[in-house]
Amino acid sequence: MNQSFYGLLLFIFLVIPPVANFMESVMVIHMHMQMPMLVIAGFLMARFFQKRFPGFFVKWNSNGLPGILLFVIIMVYWMLPRTMDEALTTQTVEAFKFFSLPFLAGVSLRNSWKKLSSLGKNVVIISFTVMFIGLGWLYIWSPVQLCNNYLLIEQVTLGWAFLTTAIGLVIYLGYNFFIDPSAYE
Amino acid sequence: MIKNRHNTISLFLVLVFGFVLFFIGTDGFSAFTAETARVKQLIDDKPKFPEVTLEDNKGRKYSISEFEDKYVFITFLYTSCTTVCPELEYNMAQVYDKVPSKYLGEDIVFLSISFDPERDDPATLNKYKDFFNSDGETWRMARISDQAELKSLLDRFGVIVIPDEYGNFAHNSAFYLVDKKGSLINVLDYKEIDEAAKTVINLLENGTEE
Chain F
47 MNQSFYGLLL FIFLVIPPVA NFMESVMVIH MHMQMPMLVI AGFLMARFFQ KRFPGFFVKW
107 NSNGLPGILL FVIIMVYWML PRTMDEALTT QTVEAFKFFS LPFLAGVSLR NSWKKLSSLG
167 KNVVIISFTV MFIGLGWLYI WSPVQLCNNY LLIEQVTLGW AFLTTAIGLV IYLGYNFFID
227 PSAYE
Chain P
5 MIKNRHNTIS LFLVLVFGFV LFFIGTDGFS AFTAETARVK QLIDDKPKFP EVTLEDNKGR
65 KYSISEFEDK YVFITFLYTS CTTVCPELEY NMAQVYDKVP SKYLGEDIVF LSISFDPERD
125 DPATLNKYKD FFNSDGETWR MARISDQAEL KSLLDRFGVI VIPDEYGNFA HNSAFYLVDK
185 KGSLINVLDY KEIDEAAKTV INLLENGTEE
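Residue numbers (the working numbering), protein chains in the order written: chain F, 47 to 231; chain P, 5 to 214.
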């Protein structure tokens, strides 16, 4: 049993309608569990694609930049309040979510991350940190309800989840900056 | 070198893809929330006010044809609401006050529609209207008792109402402007009182919104 298989299992599990419906019924689970798990499923399945089409990734994503950009685009897209709403009300948008998060974002993250320099990695993490702080601020202190399908209280919960994630990222960045792992080897 | 060229091409393709994705996903960078998308869609579609039976604060029953040849300025509310509805109605009152009185009841009628018909009977509505100095004639408050009819109106005008566990409703709010033939012609931001009043007055004076 290899990891691609587990990735596929995870993906199938997430697609099962009762599971999907449950996860989408709570806003914070929708954005902070279902969506990342879809990316993880793609991340695991990426090994299969890398083995199957080794030339493709070397040829078209040699320095990792196109891949990571694709990853960022897909992630930002799903953070728009509107896309989250439409995933619930429009079938095609929902289908695109289940395709794009694992196969576009997850696979390209796996393929690109190791190719990036440490500067590139830090730029990506810092951008996400800034974005999460911004989104947290937006969802918590927005005077209006951004999503029609969720209650305001869920929107605030989601905002705090964004802020907590951002805090986690800041701690990671600080750790990376101040601590030299080789000193402990 | 060859490798790098491919890399540049794919980088470019990804950028184009991202641009197209966001362009389509936000109606040309104009609607980032489902609410703005909804309003845009409504103004494009101009849906007709469906045939429903309204029961107003005086207990009179009629359909939208009661207001034929008049513009109707509509809000949706429920009287037990303690958050956005009082603000919505208070702002509606300010728009009402800005409209020259010669038009009121003649060319335009203000109408607050409750989506909570069980609690908002005519007596309740009649009491509620007094908080906003509504006269019950040129500004009426009404309920739609039939659930299927109510739903048809809410669906057509894109009003989303989610009951929460405390007997309240979460709902989106706006000013809805229906023309003399019963078609929705504009959805206005209920927080922009001056702008809404200007639109209404222009419409009454010139017959156009400009």
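No residue lacks a Cβ here, since even glycine has one placed at the ideal position from N, Cα and C.
Under DSSP, the beta-bridge partners assigned to residue 180(P) are 78(P), 191(P).
Taking the Cβ atoms as the reference, residue 174(P) lies roughly 24 Å from residue 99(P), outside the contact range of under 8 Å.
Its Cα nearest to that of residue 152(P), the residue 58(P) stands out among 144(P), 58(P), 96(P), 22(P). Within the segment 115-178 of chain P, complete alpha helix (DSSP H) segments of at least 4 residues are found at 126-134, 151-160, given in chain order. Residues of the segment 121-145 of chain F with a C-beta less than 7 Å from any C-beta of chain P: 123, 126, 127, 128, 129, 131, 132, listed in chain order. DSSP, reduced to helix, strand and coil, places residue 103(P) outside both helices and strands of the structure shown, so it counts as coil.
Under the 8 Å criterion on CB atoms, residue 166(P) is classed as interfacial with respect to chain F.
Residue range 58-60 is occupied by the beta strand (DSSP E) that includes residue 58(P). By the neighbour-count criterion, in which 16 or more other beta carbons inside 10 Å mark a residue as buried, residue 201(F) falls on the buried side.
Secondary structure at residue 185(F): helix, using DSSP grouped into helix, strand and coil. DSSP, read as helix, strand or coil, puts residue 50(P) in coil. Chain F places no beta carbon closer than 8 Å to that of residue 190(P), leaving this residue out of the contacts.
Counting along the chain, the unbroken alpha helix (DSSP H) around residue 205(F) starts and ends at 198-224.
Against chain F, the CB of residue 14(P) has a partner CB under 8 Å away; the residue lies at that interface. Here residue 112(P) carries a strand assignment [DSSP, helix/strand/coil]. Residue 65(P) sits in a strand when the DSSP states are folded into three classes.
Residue 207(P) and residue 76(P) have their alpha carbons spaced roughly 12 Å apart. In this structure, DSSP gives residue 180(F) a helical state, which the three-state scheme calls helix. From the beta-carbon of residue 26(P), the residues of chain F found nearer than 7 Å are 123. Between the beta-carbon of residue 68(P) and that of residue 186(P) there is about 5 Å, and that keeps the pair under the 8 Å contact cut.
When the five nearest sequence neighbours on each side are left out, the beta carbons in the same chain lying within less than 8 Å of the beta carbon of residue 189(P) are those of 47, 50, 181, 182, 183, 213, in order along the chain. Around residue 61(F), the same chain offers 144 as residues with beta carbons nearer than 7 Å, after the five sequence neighbours per side are excluded. Straight-line spacing of the CA atoms in residue 154(F) and residue 92(F) works out to 8 Å.
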